[in-house]
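Using the numbering used here, read the sequence shown as starting at 513 and increasing by one per residue.
For each residue, glycine too, the CB sits at the ideal point set by N, CA and C.
Notes for the one structure printed next.
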Amino acid sequence: MLSIKQIQVNKNPFILVVNSLISVVNPFISVVKEKKVKIIALQGSPKKKGNTAKILSWVEEELQSMGHEVESIHLGSKNINGCLACGKCKEKPDEPGCIQKDDAPAILENIITAKLLIFATPIYFWGVTAQLKALIDRTYSLYVNYHQPDHCSLLEGQHQALLATGGGPYENNAEPVFTAFGRLQKPHRSINAGELYIGQCSTPDNLDDDVKKRAVAFARKIAGGI
Ligand SMILES: Cc1cc2nc3c(=O)[nH]c(=O)nc-3n(C[C@H](O)[C@H](O)[C@H](O)COP(=O)(O)O)c2cc1C
């Protein structure tokens, strides 16, 4: 029941106008709220303040300015073993089901809730870093029946993006990383949201405005489809 004080407040013309304005604006607010999505970035460089981290921070800032929730996971600070290929995870199609007791199961539980997953890595010997590769291998536990009609994945429909940095050019150097990433969406049943390679990197201080612009454009592109 409303108290007398509340009834008096409700009759105040100013409050009535404000209330009706809120009711007009509210549906638009909920539309904007619905657009906010959970984004996770897997930061694969061992360096917390290196080239990859700096470029990823520009991407994350842009995504946050668009209203999204962004969580960055520094894989080098986690204990993540390689996949044992024991196949136990395949017995549990509804959950990651990995039997190893390290930090990966919690990360896998977390990434399946993200609408957009960003893989960020320096190029190490024409591949991703060992830290990121170990986690990617553990995503083996997130799908079952690959190559069969009943293939299903806990990452189904997830948007995935790749940001890679390297000291060399794209050609004859970085392509294998992008080729492998382009294939990852098949077992994951996910969607390739976009890719960015920043080559000829030296130190983070030398990353200029042009790189920042490319990072911002990349953020807008990968968020565009979600
Ligand atoms: C072990 C190791 C291997 C590397 N291999 C390559 C390579 O194959 N191609 C390349 O372009 N850069 C290579 N680099 C350079 C890094 O990819 C580059 O400096 C990157 O921007 C570092 O990112 P970070 O500062 O985020 O760690 C290598 C660096 C290290 C330490």
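Sheet register partners of residue i (DSSP bridge)
i	result
residue 704	672
residue 677	634, 710
residue 655	665
residue 639	636
residue 644	Residue 644 is not bridged to any residue.
residue 628	551, 671
6 Å Cβ shell around residue i - same chain, five flanking residues per side excluded
i	result
residue 677	563, 564, 634, 710, 713
residue 547	none
residue 655	665, 699
residue 659	none
residue 601	609, 610, 653
7 Å Cβ shell around residue i - same chain, five flanking residues per side excluded
i	result
residue 587	554, 555, 556, 643, 644, 647
residue 543	A caution first: residue 543 carries a pLDDT of 41, below 50, which makes its placement in the model too unreliable to give a value.
residue 561	716
residue 687	none
residue 567	675, 677, 710, 719, 723, 727
residue 614	591, 592, 593
residue 617	608, 610
residue 661	none
residue 595	649, 650, 652
Outcome for residue i when other beta-carbon atoms lying within 10 angstroms are tallied against a minimum of 16
i	result
residue 570	buried
residue 683	exposed
residue 577	exposed
residue 691	exposed
residue 597	exposed
residue 805	With the chain covering only 513 through 738, there is no way to say anything about residue 805.
residue 695	exposed
residue 651	buried
residue 706	buried
residue 574	buried
residue 637	exposed
Contacting residues, own chain, Cβ-Cβ under 8 Å from residue i (five flanking each side not counted)
i	result
residue 558	588, 641, 643
residue 669	701, 702, 703
residue 630	551, 552, 553, 554, 568, 571, 672, 673, 674, 675, 734
residue 721	none
residue 680	635, 686, 711, 712
Runs of beta strand (DSSP E) wholly within the region 554-613 (minimum 3 residues, chain order): 581-586
Around ligand 1, Cβ to any heavy atom closer than 6 Å, ordered along the chain: 557, 559, 562, 563, 564, 565, 634, 635, 636, 637, 638, 677, 678, 679, 680, 685, 713
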